[in-house]
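Asker:
Protein chains: 2
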Amino acid sequence: MAGEIKQRMIDSTALLLAKRGLQGTSFSEIIEASGAPRGSLYHHFPGGKDELVLAAVGAAGERAMAVLEQLSGRSAVDVATAFLALWRSVLTRSEFSAGCAVAAVTVAADSNELLDRAGGVFRGWRHSLSDLLTAGGVDERRAQALAASLIAAGEGAVVLSRAERSLEPFDLVANEQLAVIEAASGGHPRHHDDPTRSDPA
Amino acid sequence: MAGEIKQRMIDSTALLLAKRGLQGTSFSEIIEASGAPRGSLYHHFPGGKDELVLAAVGAAGERAMAVLEQLSGRSAVDVATAFLALWRSVLTRSEFSAGCAVAAVTVAADSNELLDRAGGVFRGWRHSLSDLLTAGGVDERRAQALAASLIAAGEGAVVLSRAERSLEPFDLVANEQLAVIEAASGGHPRHHDDPTRSDPA
DNA sequence: GTCTATACGAAGATAGAC
DNA sequence: GTCTATCTTCGTATAGAC
Numbered sequence: 139m140a141g142e143i144k145q146r147m148i149d150s151t152a153l154l155l156a157k158r159g160l161q162g163t164s165f166s167e168i169i170e171a172s173g174a175p176r177g178s179l180y181h182h183f184p185g186g187k188d189e190l191v192l193a194a195v196g197a198a199g200e201r202a203m204a205v206l207e208q209l210s211g212r213s214a215v216d217v218a219t220a221f222l223a224l225w226r227s228v229l230t231r232s233e234f235s236a237g238c239a240v241a242a243v244t245v246a247a248d249s250n251e252l253l254d255r256a257g258g259v260f261r262g263w264r265h266s267l268s269d270l271l272t273a274g275g276v277d278e279r280r281a282q283a284l285a286a287s288l289i290a291a292g293e294g295a296v297v298l299s300r301a302e303r304s305l306e307p308f309d310l311v312a313n314e315q316l317a318v319i320e321a322a323s324g325g326h327p328r329h330h331d332d333p334t335r336s337d338p339a
Numbered sequence: 139m140a141g142e143i144k145q146r147m148i149d150s151t152a153l154l155l156a157k158r159g160l161q162g163t164s165f166s167e168i169i170e171a172s173g174a175p176r177g178s179l180y181h182h183f184p185g186g187k188d189e190l191v192l193a194a195v196g197a198a199g200e201r202a203m204a205v206l207e208q209l210s211g212r213s214a215v216d217v218a219t220a221f222l223a224l225w226r227s228v229l230t231r232s233e234f235s236a237g238c239a240v241a242a243v244t245v246a247a248d249s250n251e252l253l254d255r256a257g258g259v260f261r262g263w264r265h266s267l268s269d270l271l272t273a274g275g276v277d278e279r280r281a282q283a284l285a286a287s288l289i290a291a292g293e294g295a296v297v298l299s300r301a302e303r304s305l306e307p308f309d310l311v312a313n314e315q316l317a318v319i320e321a322a323s324g325g326h327p328r329h330h331d332d333p334t335r336s337d338p339a
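So the protein lines, in turn, are chains X and F. According to this note's numbering, the first sequence is numbered sequentially starting from 139. According to this note's numbering, the second sequence is numbered sequentially starting from 139.
#1: Measuring straight from C-alpha to C-alpha, what distance separates X/V276 and F/V217?
#2: Helix, strand or coil for X/G233, going by three-state DSSP, please let me know.
#3: Just to check my reading of the structure: X/F260 and F/A301 have Cβ atoms closer than 8 angstroms, yes? What is that Cβ distance to the nearest angstrom?
#4: Kindly provide the ranges of any alpha helix (DSSP H) runs that are 4 or more residues long and lie completely inside the region 147 to 184 of chain X, ordered along the chain.
#5: How many angstroms separate the CA atom of X/A236 from the CA atom of X/S299?
#6: Nearest CA to the CA of X/R226: which residue from X/S210, X/E278, X/E306, X/R212?
#7: Is the Cβ of F/D248 closer than 8 angstroms to any Cβ of chain X?
#8: Hey, quick one: how far does the alpha helix (DSSP H) through F/D269 stretch, first residue to last?
#9: Under a CB-based cut-off of 8 angstroms, is F/F260 close to chain X?
#10: My assumption, with CB atoms under 8 angstroms, is that X/V296 sits in contact with X/L209. Please give the rounded CB distance.
#11: Return the residues of the region 220 to 231 of chain F that lie within a Cβ-Cβ distance of less than 9 angstroms from chain X, sorted by chain order.
#12: Just the C-alpha distance for X/T219 and F/A223, rounded to the nearest angstrom, thanks.
#13: Since F/D271 and F/A214 are thought to touch, with beta carbons under 8 angstroms apart, how far apart are those beta carbons, to the nearest angstrom?
#14: Between the Cα of X/M147 and the Cα atoms of X/G325, X/T163, X/L190, X/L253, which residue gives the shortest distance?
#15: Taking C-beta pairs closer than 8 angstroms, name the residues in chain X that F/I319 reaches, listed in chain order.
#16: Identify whether X/Q208 lies in helix, strand or coil by the three-state DSSP scheme.
#17: Which same chain residues end up closer than 7 angstroms to X/A286 when comparing Cβ atoms and leaving out the 5 residues on each side of it in sequence?
#18: Under the rule that 16 or more other beta-carbon atoms within 10 Å means buried, what is F/D188, buried or exposed?
#19: Could you spell out the range, first to last residue, of the alpha helix (DSSP H) harbouring X/S287?
#20: So is F/H329 buried or exposed if we call it buried at 16+ other beta carbons inside 10 Å?
#21: From F/S304, F/S266, F/Q145, pick the residue whose C-alpha is nearest to that of F/S172; which is it?
#22: Count the other CB atoms, across all protein chains shown, that sit within 10 Å of the CB of X/G162; report buried if there are 16 or more and exposed otherwise.
#23: Can the beta-carbon of F/G288 be found closer than 8 angstroms to that of F/L267?
#24: Applying the 10 Å Cβ sphere with the 16-neighbour rule, what's the burial state of F/P338?
#25: Using a Cβ-Cβ cutoff of less than 8 angstroms, which residues in the same chain neighbour F/V240 once the five nearest sequence positions on both sides are dropped?
#26: Could you tell me whether the Cβ atoms of F/V243 and F/L155 are closer together than 8 angstroms?
#27: Are X/I143 and X/S178 closer than 8 angstroms when you measure CB to CB?
#28: Write down the C-beta distance between X/G294 and F/G292 rounded to the nearest angstrom, noting that I regard them as a contact closer than 8 angstroms.
#29: Taking only the alpha-carbon atoms, compute the straight-line gap between X/E207 and F/E251 and give it to the nearest angstrom.
#30: Could you check whether the Cβ of F/I289 sits closer than 8 angstroms to any Cβ belonging to chain X?
#31: I want to verify the contact list: residues of chain X whose CB lies under 7 angstroms from the CB of F/T244, in sequence order.
#32: With respect to the alpha helix (DSSP H) encompassing F/V311, which residues constitute its N-terminal and C-terminal limits?
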């Protein structure tokens with residue numbers, strides 16, 4: 139099916155963006171990584187690299203959204219734990235060579251269109267997380283602040299840990315965030331050796 | 139003096155890195171921005187772009203360290219407020235077009251040398267902030283986690299606000315972090331309409 | 001020590017065959 | 001619709017004059 143190869147190109151692009159950043163990701167690498175023929179790239183994406191990157195940012199956003207949707211009905215601590223575990227697994231599975239594609243694109247964006255797409259993804263995450271935290275026992279106003287904090291702290295912690303090539307900063311940040319969420323949600327307890335560390339997938 | 143022009147090249151590079159990212163920053167732009175003659179670039183930096191970027195990351199690290207050193211003796215909330223205000227002013231003064239040069243380099247680093255430099259900067263910030271928070275009334279172990287959280291949340295919040303081109307996410311995150319610091323330092327109160335917003339410099 | 005002109009390579013885009 | 005070969009642009013680096 140034609141959609142197969144197209145999707146593989148998008149996914150490969152998202153991964154490369156998360157590893158090397160926007161301008162650090164070349165067409166040649168995408169082609170090699172996806173196994174796609176060079177000619178078909180412009181067939182599927184007439185807009186070239188810009189169009190492909192736009193699609194990859196959207197896909198990265200959707201992937202996280204899909205994870206969040208699975209968490210409906212869980213406690214606030216569970217939700218936060220799962221969200222942080224997602225980022226931790228990105229670090230461990232890539233051996234600190236990958237981070238967040240959306241953030242990587244944001245700090246090197248060369249068009250408003252790209253920035254809009256990235257902003258839309260973050261807005262979506264904030265909204266979804268906020269709803270989940272509210273449902274999980276957090277006051278609605280506070281949930282908005284905690285959702286933004288969770289995303290910001292997670293994103294930042296990934297950067298710190300990539301630079302230091304150590305999980306130490308990420309784990310410090312993750313534990314701190316979980317403690318705050320726990321307190322804000324009325325103290326649903328979490329496991330002692332925090333569940334963030336159980337690698338999913 | 140020869141050091142003048144060299145410093146201006148470094149500073150221009152740091153600013154461009156914060157705006158456009160690593161590979162998005164070209165030599166031509168640096169030359170234009172710094173007003174330096176093209177020939178003198180390789181005179182001062184025989185190692186070319188790599189050497190210049192390395193220096194710029196170090197300079198960006200030092201600049202924040204200098205701000206932190208001014209805060210010795212202040213309360214934990216004051217320290218956190220000043221640190222967050224620093225990032226908020228980067229956003230407002232650049233109209234959301236700039237972020238953190240160290241983070242931008244980290245997510246697009248193409249050498250271990252560069253990653254090491256960035257990691258060293260973050261370690262330095264963490265250490266310094268942790269000491270300040272401890273002196274400001276926070277338990278020593280907790281101060282390490284709060285220092286990492288403050289940096290991570292600040293970095294992440296800058297990314298969110300750049301992408302959304304709005305201070306909303308940054309302010310949500312900053313207020314949340316300040317509330318946590320306040321609680322952890324024994325409740326030294328902060329102003330009602332948070333002092334993060336008073337732009338320094 | 002500063003400048004200009006240029007060489008070299010890489011990356012994105014395109015044209016035309018199959 | 002898929003592929004290959006090529007064109008153009010741009011960015012880094014260097015060489016050599018002043």
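Beta carbons: idealized from backbone N, C-alpha and C, even for Gly.
Answerer: Concretely, from the data shown:
#1: 28 angstroms
#2: Looking at the sequence shown, residue 233 of chain X is not Gly but Glu. Coil at X/E233, not helix or strand.
#3: 5 angstroms
#4: 165 to 172, 176 to 182
#5: 10 angstroms
#6: X/E306
#7: yes
#8: 250 to 273
#9: yes
#10: That pair is no contact at about 20 angstroms.
#11: none
#12: 29 angstroms
#13: This sequence places Leu at residue 271 of chain F; Asp is not what is there. Rounded, the Cβ-Cβ distance is 5 angstroms, consistent with contact.
#14: X/L190
#15: Within chain X, no residue comes near F/I319; the closest Cβ sits about 11 angstroms away, beyond 8 angstroms.
#16: coil
#17: R264
#18: exposed
#19: 278 to 302
#20: Confidence in F/H329 is poor, its pLDDT being 47 and thus under 50, which makes the residue's placement unreliable; the coordinate value appears in the next sentence. Exposed, by the Cβ-count rule.
#21: F/Q145
#22: buried
#23: For the record, residue 288 of chain F in the displayed sequence is Leu; it is not Gly. Cβ atoms of F/L288 and F/L267: closer than 8 angstroms.
#24: Confidence at F/P338 is low in this model, with a pLDDT of 48, below 50, so the placement of that residue should be treated as unreliable; the coordinate-derived value is given next. Looking at its Cβ environment, which holds fewer than 16 other Cβ atoms inside 10 Å, F/P338 is exposed.
#25: V195, A198, G199, A256, V259, F260
#26: yes
#27: yes
#28: 7 angstroms
#29: 40 angstroms
#30: yes
#31: V297, R300, A301
#32: 306 to 322
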